[in-house]
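Novice: Residue numbers (the working numbering): 111 to 433.
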Amino acid sequence: MAFDLTALAVLLEALLGYPAGLVRRIGHPVIWIGRLIVVLDHGLNRPGLTATTRKGLGVVAVGVILVAAAVPAALLEALLRPLPFGLLVLGLIGSTLIAQRSLHWHVARVAEALEGGSLEAARTAVSHIVGRDPQTLDEAGVARAAIESLAENFSDGVVAPTLWMCVGGLAGGAAYKALNTADSMIGHLTERHAAFGWAAARTDDYVNLPASRLAGMLLIAAAALTPGTDARAAHTAMLRDAPRHRSPNAGWSEAAMAGALGLKLNGPKVYAGVFTEDAYMGDGRREATAKDVRAALRLYRRADALMVLLVLAGAAAPFIWRG
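#1: Under 7 Å from any heavy atom of the ligand SAM, does the C-beta of ARG395 make it?
#2: What separation, rounded to the nearest whole angstrom, lies between the Cα atoms of GLU387 and GLY377?
#3: I'd like to confirm the pairing. Which residues does DSSP put opposite LEU375 in its beta bridges?
#4: When the Cα atoms are used, what is the spatial distance from GLY173 to THR160?
#5: How big is the Cα-Cα spacing for ALA311 and GLU230?
#6: Among all the DSSP beta bridges, which residues are the ones paired with THR386?
#7: Quick check: the Cα distance between GLY153 and VAL403, rounded to an integer number of angstroms?
#8: Which stretch, first to last residue, makes up the alpha helix (DSSP H) that contains PHE113?
#9: Measure the Cβ-Cβ separation of TRP274 and SER322 and say whether it is below 8 Å.
#10: Anyone know if the C-beta pair for LEU167 and ASN155 falls short of 8 Å?
#11: Only counting runs of 4 or more residues, tell me where the alpha helix (DSSP H) segments fall wholly within the stretch 129–166, in order along the chain.
#12: Hey, GLY267 and ALA331 are a contact pair by Cβ (cut 8 Å); roughly how many whole angstroms apart?
#13: Look at ILE239 and ALA406 and say whether their C-beta atoms are less than 8 Å apart.
#14: Quick check on GLU301: buried or exposed, where buried means 16 or more other Cβ atoms within 10 Å of its Cβ?
#15: Since SER470 is in the alpha helix (DSSP H), which residue starts that stretch and which ends it?
#16: May I ask you to verify whether the stretch 113–124 touches the stretch 198–209, counting CB pairs closer than 8 Å and requiring at least 3?
#17: Helix, strand or coil, according to DSSP, for HIS216 in the structure here?
#18: Where are the alpha helix (DSSP H) runs, 4 residues long or more, that stay fully inside the stretch 242–310, in chain order?
#19: In angstroms with no decimal places, state the Cα-to-Cα distance between THR162 and TRP308.
#20: Tell me whether ILE430 sits in a helix, a strand or coil according to DSSP, three-state version.
Put into structure tokens, the structure is as follows:
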């Protein structure tokens, strides 16, 4: 277990984030792995191949992606850990795999636009964090979309990379982030990617199983500590509604968030002009507002703080045990 590295990573990311100037100069690990995925998609997922062949090549692609992410990360950790400031450098590298600060920033921009009365600005802001067509959303729809994205990304953008970094060190965090990026790029039920992206989508589902449940429980615990939210309703909604979500993982944090805030999230959506009939999460009101987005952000901050405390406890445990 790599609690020490992970503790540094989550603290540094919360404090510093990933500077925009650095993205412009050298990119970001997600961008780097995304380029590899594009190369593999173009090179292996060729028209004319059978679905079975494409599925097999998709398995190969996932293997290449995982190796390309995990092996350099493992070598870096092996080289840097013995050095005087090696753990700090590893923490800085690991912080790029976690999205606590950037997730909060993006959702807060949506709240600010709604508070300013600009629906178009709110639609533009929410388009950076959701895949659905923002032009179909009214103010309540934009607010719900932001809250849903906050809940889902807390699970797969914050809790999951943190969990896998604890388990597998820098290599575990890097492998998870690469796989999650592959799922977002090729794990779709489109004609081009239904077969080739099957392995990425299924593997991502499996590796997110523990983190999604943990994220839901963290939100419930945070609701117990946050004025104006309902931990019992969060717990009820999560157990009742999460299994009804079309994703085996997204529903746990979304349902917990919906119950805590007294909202009804998810439901019918439009993606790229295609209508999808998704199950509702929660049984509250549909008319979400900027105030609800702010309440969701408060709940997120407390849930994230609880996660950080768990990691810090894991990092401190060996010293306490020896003492």
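Beta carbons: idealized from backbone N, C-alpha and C, even for Gly.
Specialist: Taking the geometry as given:
#1: Inclusion of the ligand SAM in the displayed structure is not the case, the ligand content being empty and no account of it being possible.
#2: 6 Å
#3: MET391
#4: 20 Å
#5: 33 Å
#6: LYS379
#7: 42 Å
#8: 113–126
#9: no
#10: yes
#11: 130–136, 139–154
#12: No, GLY267 and ALA331 are not in contact; Cβ-Cβ is about 19 Å, not under 8 Å.
#13: no
#14: exposed
#15: The structure shown does not extend to residue 470, since the chain spans only 111 to 433, so no value can be given for it.
#16: yes
#17: helix
#18: 249–263, 270–296
#19: 11 Å
#20: helix
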